[in-house]
Amino acid sequence: MTAAEDLLIRDERPDQAEVREMLGQLDRYLESLYDPEHNHILDVQALLEPGLRFLVARREGRVVGCGAVRLMPGEADTAGERYGEIKRMFVLPACRGQRVGEKLLLELEAGLKREQVRMSLLETGESQPEALRLYERHGYVRRAPFGGYEDNGTSLFYEKRLA
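When the letters of the sequence shown are read in order and numbered with the working numbering, they come out as residues 1121 to 1283.
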């Protein structure tokens, strides 16, 4: 069985101990890259809110990655079109390069399509080249800020139209 075949991605609660530890690793990583006011982190409580889907990737029962999408109403920055905002994407360093992030992203997008949401947006940082490559490889293109984000000089904003 290949690494891709033994990967299980499913909806799970973010308040499990193993998931909290991984989210803590993500937070520490982001804090090492950006000033606090440039980190737009959803905490565990926010990840439990309605309208938010949280996915966990597991291999042999162990957490190796996560990602979330929050359904958002239309706003001026999206010409009134509702959208899904990709949040909290992370893959443990030891598991990178194995397409875990790609599989998480594709599953989040598939969920948006099932909800008949045709626009996926995200905010990420300029100091995360691996994330930028992932999003661009999957059809995300740069756009203006949305959802109340400011152009702070370190944030990059992306959009993808879902077929």
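Ideal Cβ placement from N, Cα and C applies to all residues, glycine included.
Under the three-state reduction of DSSP, Thr1198 is assigned to helix.
Contact fails between the region 1219-1237 and the region 1268-1275, because fewer than three Cβ pairs, one in each stretch, are under 8 Å apart. CA-to-CA, the gap between Glu1229 and Glu1246 works out to about 23 Å. In terms of Cα proximity to Leu1254, the closest of Leu1276, Leu1241, Leu1282, Arg1219 is Arg1219. Here Tyr1260 is actually not in contact with Val1237; their C-beta atoms are around 15 Å apart, not less than 8 Å. At a Cβ-Cβ threshold of 9 Å, Leu1212 and His1258 do not count as neighbours. Here Gly1200 is exposed, its C-beta having fewer than 16 other C-beta atoms within 10 Å. Boundaries for Val1237: no alpha helix (DSSP H) harbours it, and the DSSP string shows neither H nor E there. Cβ contact annotation for Asp1147 (same chain, cutoff 7 Å, sequence separation greater than five): Ile1161, in chain order. In the three-state scheme derived from DSSP, where H, G and I count as helix and E and B as strand, Leu1146 is classed as helix. Rounded to whole angstroms, the separation of the alpha carbons of Pro1156 and Arg1216 is 25 Å. Minimum Cα-Cα distance from Lys1207 among the listed residues Thr1198, Leu1241, Val1184, Ser1275 corresponds to Leu1241.
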